[in-house]
Each structure stands twice: as C-alpha cells, then as structure tokens.
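If you count by our numbering, then the sequence shown holds residues 325 to 856, one letter each, in order.
The beta-carbon is built from N, C-alpha and C at its ideal position, and this holds for glycine as well.
Beneath this line is the structure, given in structure tokens, with notes to follow.
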Amino acid sequence: GGHVRVFNNRVVNNNHENFGPKGTMVADVPAGTGVMLMATDNVEIFDNEITGNQTSNVMIVSFLITERKINDAKYDPFPENVSVHHNRISAGGTKPAGSISVQLAPLTGGVLPDILFDGILNPEKQIGAATPDPGMPLRIRDNGDATFANVNISELSTENVTSGKYRILRDLKPYGADIPGIDPVSLRPHGIASAAGNPAVAVYRAAPEKLSAWGFYVNDNDHWVPAEGLLEYELNTPLFSDYTLKHRFVRLPKHSQMTWHESESLEFPVGTIIGKTFAYPDATDDRTPNERYMETRIELREASGWYGYSYIWDADQSDATLSLGGGAVDVSWKDSHGNIHQNDYQIPNANQCLSCHSNDGRYVPLGTTARNLNREGIDPSRSNQLTLWTETGVLKGCPSPSTQPKLAAFDDPDSGSLDERARAWLEVNCAHCHQPAGSARTSGLDLRTVQTDPAKFGVFKSPVAAGSGTGGRRYDIIPGKPDESILMYRLETESPGARMPNLARNLVHEESNQLIRAWISAMPNEGHAASK
C-alpha cells in the first residue's frame, strides 16, 4: 500500500487486549500499540494526539519482523518515504507487550520509546549500517518530547549482544530533514442521483412477473419439459449449491451464434438468456416428476451488459414468481441412499448476483467456459457439446474439442489427477472471486487453474483480512497438513462468518472436502519452518 495521510486523530491509551483471531496479521500486533506503520510507502503522519500507548506510540516496521514467508518476489516489505511530524506524542512504551518486547525490553530497561523504528532497511538502498539514503527517506521531527529509538533488529543476536556489538540508536539527526507532504485527496462534486442513469432499473422493471412468460418450459402431458430452441448443457465440474440438481440452458436470439473463447466464458450475443433451474429430489406427483423445482435464475444479455435475477417456484410447481429481493425456502429431501436431509435454501437477491459474477466491475457469466463445457452433452446422441453446437451453427470459432483443454470432473478419478480434480473444483467454486479481477482480488489468492505458482493459490500464503475465517491458522495451505490450513477450515466450517464459498451454500460439501483434504495431504512439504 501507499500514499496515505494520517491526521487529526486521537490515539490514546489503546491498551486493550488484541481481539484479532489467532493466525491473522492483526493478531500479531502487540496490545498497547498506538500507530503501526508496516511495509507501506509514502506515508505522512501529522497533527495527531498519540499518547499513553503502553507498547509504543508509533511503530515503523518492515514486514520482515513478522517472520512470515514472503512468496511474491515483487512484494516490497520495507516502509519507505515516511514522515512523522508535528504530532503530540508522549507517555508511551511504559509496559510493552508482544514478542518484540520480550526481545527488546531487557535491553531498554523494561520500557520502549514513544517512536520505535525496527531499523530493517532495504539492502539495495542502504548506505551505512543504519542510515537511510535519499532514495528511501524516513523523517521524524517536531513531535514534542517524544522519545525515539532505532532498535536495529537486523543486528539483534545473542552473539552481538554478548560481544557488545549490538547498539540501539537514539539519535534523531539522520531523520530530521524535510520531505514533501502528500497531496490531499480532492473529490469532485457529484450530480443529483437519478435512476434514469442506471440501465439496471429499466431491465428489472421490464422483467416478466411470471417465469411462464419467458416460454422456457412447455406443458407435455401435465409435465414441464424444456421448450424447443433451448440449448441444454452440462459441466465437467459444477458449482456446489447445497446438493441441488440443476437444469442448465441457453436461449440465443434467432440466427445468432456464440463465439468460442480460449480461457474465459464463451461470448454471447445481445438478447441471449442463460438459465439455470435448481431442484431437489421429490416424490410428489406434479408437473416436475421426481423433483421439486426451487428457483430458476436468469442471466439476460442486454446491450449495456449482463443482468441476473431469480424466479421462485410455487409450491404446486405450476409457475415461478419474480423475486428481485431473493428469498428462502425450507426444504427436505431424500438422497439416493434413503437419508433425509433438510435445508433453509437461500435464493440470492439481484444485487448478490454481482458478488460472484463481477469481473473488473462487469457482470460476466460463470461456468460457460470452453474447458468446462468440453464434454458429452445430454442430447440423445451424447455428442461433445462444443462439437454439436459447432455442427448446428450456433457456435463459431471453436477448434476441435479434442485438441483443447478439458476441465477435470472433480468426482471422477478417470478424468484427471488428484491435483487436476482439486484445482478444477476450486476454480469453479472459488476462482470467480479469488482471481486478479474478482471481488476477492485483495485477498491475493488466485484459484484459477491457469495459475501455476503455488504461493498464488495459497501454499504458505498469509491471510490478508480473513478475520475469524482463519480459524486460528497462519497460512492458507500448509502442505501435508490440511487441518492446519485455512483453506480446509473455511470449506469445512458451517459458521456463516467463515464458511466458503460464502454464498450459495449452507451445507458442507463432504465429497469435495474429501478431495481437497487428500490434495493438501499429498502436497510435498519442503520443510518450511512454519510447517513444523
């Protein structure tokens, strides 16, 4: 991070117990810390009252002090271009806590300074033993009677302490020069809010009240069957949605085509509708034999983009009603083994669609990638779906499917290796958010199958802001140790604040969890200290 102004704050007596869940970065911050600046560039801290914080009023530290593994070669762990000036700082460091105090307090008479600098410098920008050069300025001045120390952590060792080589540096002179302040943020005045500027309003208002108005299903001997012209399809690995059965289809405008795309979703023309009906097994004799339809989700391609919303099926299965606000339905069903299950099935509201479907701020379809569609279809011929669509003229630009990537089926060992099947499930169920353009991009986790860097898909990766979602664990994945991996915890937990995926599931997907557990267990452990 960078370019931060911290001003006009009162940070006084922040000596409460750290409430951060174990394993998170927040939990590593010692109680009694006023302001901690870690691994952030271009920061100006001024005109604040920072007093009475018992570990230290201001701590300026490198990420290296955490001793956590850094997987990204581009990550800069050093705070640089920092100015702490014209603050009211006093009475700090009187009762230090945390691991840093265990190391330093015996050397400082049991107290720490008001302003503590760990002294860890970027070796590429270092002139002397502890002197920053003009390329990475750190300036501290005009903070009243605040005490200061560069504790020179990189030189702190038993050998240096006993030999007298270790020194705590308290001279502020190297940090007294002026550096330019950071420009304040200036927001332009916004216009008067108006629904007229939001095309979604018109789309939602035009949506039919009843699903039957779309003509997706027709009555055949008092049973609903897909209407002529729908392109039904299946996926190699589907999204888990609380064990629902799914009926997927595409309806294209007449005389139009889909366009093949190598890595992203197929491209669809304006006027396309992608639909998905969710159902549970049911023995009731009605228009949906052997199933109870719960909802039908619609994705509509307009000139202005994609829009999604749901229809909730009536109890008698006669029709479904538009529900832009979502809903919930209590349901019970019997599985193939005769076991009875219950669920408070959740139906997303229209806004929640973007939680998963957002990519760089745009609504995009999920599931309809060539690699997930590259399989036999459900038509009587059981032909490859991509081949059939090409031959019937509704798909253009598609190479021979036999030469193209094919996503493994997570539950079919014959479809791929353990790694391929686990990565396929994570891509379909998690990567729509956990990727560089997804809504969870700030987590730094990239679960697409095209990502081949283990650190990017979680191996020894520290959480960014997982909160209680860490379950007290330090890394997303620790090879060979699924029970110590955050990823495994979040997939197995039923806690609403921690479970993942956080939408479309109340229930634990036992089958995929067995797969992910086996995948982590089989990972080679290279002996990283954190795994011991």
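Item, Value
"Residue burial classification, S865 (beta-carbon count within 10 angstroms, cutoff 16)", "Residue 865 lies beyond the stretch modelled for the chain, which goes from 325 to 856, so this question has no answer here."
"Bounding residues of the alpha helix (DSSP H) (the contiguous stretch that carries D743)", "L742 to C754"
"Strand pairing of R329, partner residues [DSSP]", "E368"
"C-beta atoms of V353 and M360 nearer than 7 Å", "yes"
"Per DSSP, cross-strand counterpart(s) of Y617", "A603"
"Burial state of S809, where buried means 16 or more other Cβ atoms lie within 10 Å", "buried"
"With 16 other Cβ atoms within 10 Å as the buried cut-off, status of T406", "Note on residue identity: the sequence assigns Val, not Thr, to residue 406. Burial call: buried."
"G629 - partner residues in DSSP beta bridges", "E626"
"8 Å contact criterion, which L839 and R745 should meet: CB distance rounded", "6 Å"
"Where I516 falls, given that 16 or more other Cβ within 10 Å makes a residue buried", "exposed"
"Residue environment, T437, which counts as buried when at least 16 other CB atoms sit within 10 Å", "Note on residue identity: the sequence assigns Pro, not Thr, to residue 437. P437 comes out buried."
"Given N696 as reference, the closest of S682, P704, D654 and K730 once Cα atoms are compared", "K730"
"Cβ shell of A607 (< 6 Å), same chain only, five flanking positions each side left out", "none"
"Whole-Å CB distance - E373 paired with R329, under 8 Å assumed", "About 16 Å separates the two Cβ atoms, so there is no contact after all."
"Neighbour-count burial assignment, R686, 16 or more Cβ in a 10 Å radius", "exposed"
"According to DSSP, residues forming a beta bridge with S682", "Y687"
"Other residues of its chain near E558: CB distance less than 6 Å, five sequence neighbours each side excluded", "I702"
"Which residues DSSP lists as bridging M383, in chain order", "M360 and L440"
"Inter-stretch contact (C-beta, 8 Å, three-pair minimum) for the region 580-596 and the region 679-694", "yes"
"Paired residues, beta bridge with N667 - DSSP", "V655"
"Whole-angstrom distance between G740 and G344, CA atom to CA atom", "40 Å"
"Euclidean distance between Cα positions of W444 and S414", "Residue identity check: residue 444 is Ile in the sequence provided, not Trp. Taking the straight line joining both Cα atoms gives about 24 Å."
"Start-to-end residues for the beta strand (DSSP E) that takes in P523", "It is not in any beta strand (DSSP E) - P523 instead sits in the alpha helix (DSSP H) that spans P523 to A530."
"Under the three-state DSSP convention, the category I844 falls into", "helix"
"Beta-carbon contacts of A761 that lie in its chain and below 6 Å, excluding the five residues immediately before and after", "N683 and D684"
"Alpha carbon of K856 to alpha carbon of V408, nearest angstrom", "The pLDDT assigned to K856 is 46, lower than 50, so where the model puts this residue is not dependable; a value taken from the coordinates is nonetheless given after this. Each residue's alpha carbon lies about 40 Å from the other."
"N698 - DSSP class collapsed to helix/strand/coil", "coil"
"Same chain only: Cβ atoms within 8 Å of I664, ignoring 5 sequence neighbours per side", "S656, W657 and K658"
"Nearest to Y528 (by Cα), restricted to the options G632, H410 and S481", "G632"
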